[in-house]
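What follows is a short report on a single structure.
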Amino acid sequence: MGLLPRLTPALNILPDSWEFHLPAGMRIVDVRNLEELAEHADAWAELFARSAGLTPMLSYPWMSAYFKNKVVYPESWLCLFAYEGKQLVGVFPLIAGYAYRFIKFSPLLFKLPYDILHTKSVDALTIQGREDVLGVFFDYLSRIPSVYPFFSFKYLPAHSPSMIYFTRQRREMCVIQKTAGFQNILPLPDSAEKYRAGLSSKFRQYLKRNTRKLDELAGVKFTIYDKNYPACENIARFLEVEHKNWKGQQSSSLKADPANAGLFADAAELFTASDMMHFNFLEAEGKTIAGQYAIRSNRSLYVHKIGYDEDYIACSPGNLLFNKVIEHACESGKLDELNFMSDSTWQSKWNIEKRPLYNLLVFPRKTAISSLLTLILQSGILRKLNKHLPYKQSVKAD
Numbered sequence: 254m255g256l257l258p259r260l261t262p263a264l265n266i267l268p269d270s271w272e273f274h275l276p277a278g279m280r281i282v283d284v285r286n287l288e289e290l291a292e293h294a295d296a297w298a299e300l301f302a303r304s305a306g307l308t309p310m311l312s313y314p315w316m317s318a319y320f321k322n323k324v325v326y327p328e329s330w331l332c333l334f335a336y337e338g339k340q341l342v343g344v345f346p347l348i349a350g351y352a353y354r355f356i357k358f359s360p361l362l363f364k365l366p367y368d369i370l371h372t373k374s375v376d377a378l379t380i381q382g383r384e385d386v387l388g389v390f391f392d393y394l395s396r397i398p399s400v401y402p403f404f405s406f407k408y409l410p411a412h413s414p415s416m417i418y419f420t421r422q423r424r425e426m427c428v429i430q431k432t433a434g435f436q437n438i439l440p441l442p443d444s445a446e447k448y449r450a451g452l453s454s455k456f457r458q459y460l461k462r463n464t465r466k467l468d469e470l471a472g473v474k475f476t477i478y479d480k481n482y483p484a485c486e487n488i489a490r491f492l493e494v495e496h497k498n499w500k501g502q503q504s505s506s507l508k509a510d511p512a513n514a515g516l517f518a519d520a521a522e523l524f525t526a527s528d529m530m531h532f533n534f535l536e537a538e539g540k541t542i543a544g545q546y547a548i549r550s551n552r553s554l555y556v557h558k559i560g561y562d563e564d565y566i567a568c569s570p571g572n573l574l575f576n577k578v579i580e581h582a583c584e585s586g587k588l589d590e591l592n593f594m595s596d597s598t599w600q601s602k603w604n605i606e607k608r609p610l611y612n613l614l615v616f617p618r619k620t621a622i623s624s625l626l627t628l629i630l631q632s633g634i635l636r637k638l639n640k641h642l643p644y645k646q647s648v649k650a651d
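If you count by my numbering, then the sequence shown holds residues 254 to 651, one letter each, in order.
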């Protein structure tokens with residue numbers, strides 16, 4: 254604890270620019286406003302389309318909506334773009350968090366955009382095989398005068414660019430890797446019949462029993478991949494049904510938080526324009542009784558949020574909608590897997606596979622400094638300091 258008097262919080266230490274010598278043929282663009290971010294949207298979309306198996310949270314629609322709705326003072330965002338000639342080869346979205354002044358330098362935390370409920374597994378985006386671009390981003394930020402940068406990555410799958418690059422660069426930088434649970438994946442067979450055969454007999458009976466209950470209601474209608482209405486109407490419909498259960502009662506629904514509602518609404522508009530947005534609904538008795546906010550990323554369907562009307566829980570509308578979506582995905586021939594984007598117990602009945610996830614903390618390897626900061630991190634000093642920050646109410650906890 255003797256270090257505490259020398260460690261003081263420091264804000265706004267990220268300068269507008271600094272000197273950095275790029276590798277030949279490469280250009281770094283440092284973007285910090287939404288208007289300039291939009292100028293890179295097309296190149297970003299092209300790069301994302303070439304990056305199979307990565308979450309849509311890494312796409313321009315989600316990141317731009319996140320920057321707009323979820324970043325609050327004292328944090329600020331920046332997004333780095335790496336070009337070789339006219340080709341975009343890497344994107345690095347970041348949140349610049351608080352820093353500490355320690356002697357003559359400031360440790361500065363850079364987080365990948367993260368929210369435990371809504372935005373996980375965000376990473377840099379690179380062309381497959383060009384994960385070395387991360388080294389250029391890392392060097393660029395390491396040249397900030399009097400700053401010692403830290404990079405925090407959360408819930409990354411093993412095939413993500415940062416896991417590939419940083420775990421093989423341990424001699425050049427300090428990399429702390431920890432397991433962070435799992436993500437549930439449903440590999441999709443080529444027919445609904447094969448999918449149903451893979452379910453347990455008990456769960457098949459459960460679905461049949463609740464389907465009979467649903468059929469007793471008037472006006473039952475499944476709408477899968479709804480394109481009949483504009484995104485603004487579909488998102489309003491989804492936010493309403495997602496609010497009509499325990500989430501609404503506990504004020505944890507998207508509708509209960511204007512920032513979260515704005516995030517999902519703005520992203521839906523952009524995903525719809527890119528033909529990635531999949532709204533799925535179940536109607537009965539003139540009402541929407543279940544809904545899904547899902548996003549197609551290459552040959553994967555990410556089911557990001559679900560909702561149901563608790564008045565109809567007796568027929569399990571959320572499960573019946575899931576079943577219909579999975580059947581439709583199998584028959585479409587356009588998808589290889591459904592990603593639940595979480596690891597909840599209720600998902601196990603869908604015959605899922607678990608994909609391990611990891612957290613990374615990365616910082617420069619400088620003998621004296623890195624050893625000292627590793628000691629500080631392990632001691633819990635920074636956590637104790639956070640409790641006494643005057644602006645702690647504004648800092649979003651990880």
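Ideal Cβ placement from N, Cα and C applies to all residues, glycine included.
Relative to the Cα of TRP499, the nearest Cα in the group PHE390, GLY560, LYS339, ARG608 belongs to GLY560. Runs of the beta strand (DSSP E) spanning 3 or more residues and lying entirely within the segment 424 to 475 occur at 426 to 440, in chain order.
Distance from ILE348 to PHE363 at the Cβ level is roughly 7 Å; contact confirmed, criterion being Cβ atoms closer than 8 Å.
Beta-bridge pairing by DSSP links ASP368 to THR372.
One alpha carbon belongs to PHE301, the other to VAL400, and they sit about 31 Å apart. Assigned with DSSP and collapsed to three states, ALA518 falls in helix. Your pair SER550 and LEU307 checks out as a contact, with CB atoms roughly 7 Å apart and the cut at 8 Å. Contact check for LEU387 against PHE419 passes: the beta carbons are separated by less than 9 Å.
Between LEU275 and VAL389, the CB-CB gap stays under 9 Å. Take GLU425, set aside five residues on each side of it, and the residues of its chain with a beta-carbon closer than 7 Å to its own are ARG618, in chain order.
Inter-residue distance for ASP385 and ILE488 is about 38 Å (C-alpha atoms, whole angstroms). If you ignore the 5 residues before and after ALA445, its C-beta comes within less than 7 Å of the C-beta of GLU580, CYS583, GLU584, all in its own chain and listed in chain order. The distance from the Cβ of PRO360 to that of PHE404 is about 12 Å, inconsistent with a contact at the 8 Å cut-off. The criterion of a C-beta distance shorter than 9 Å is not satisfied by LEU290 and SER312. Ranking LYS323, GLU563, ASP443 by CA distance to the CA of HIS496 puts GLU563 first.
In this structure, DSSP gives TRP330 an extended state, which the three-state scheme calls strand.
THR379 has GLY343 as its beta-bridge partners, per DSSP.
Between the alpha carbons of PRO511 and LYS466 lies a distance of about 36 Å. In this structure, DSSP gives GLN545 an extended state, which the three-state scheme calls strand.
Boundaries of the beta strand (DSSP E) harbouring MET530: 530 to 537, taken from the DSSP string. Looking at the DSSP output, VAL400 shares a beta bridge with SER359. Counting C-beta atoms within 10 angstroms of its own C-beta, CYS427 has 16 or more neighbours from the protein chains shown and is therefore classed as buried. The Cβ neighbour count for VAL325, taken over all protein chains shown within 10 Å, is under 16; the residue is labelled exposed. Look at GLU384 here: in three-state DSSP terms it is coil, with no helix or strand label. Straight-line measurement puts the Cα of LYS577 at about 16 Å from the Cα of PRO440.
In terms of Cβ geometry, VAL342 and ILE397 do not form a close pair [threshold 9 Å]. Within the same chain, and ignoring the five residues on either side of PHE491 in sequence, the residues whose Cβ sits closer than 7 Å to its Cβ are PHE532, GLY544, TYR546, GLY560.
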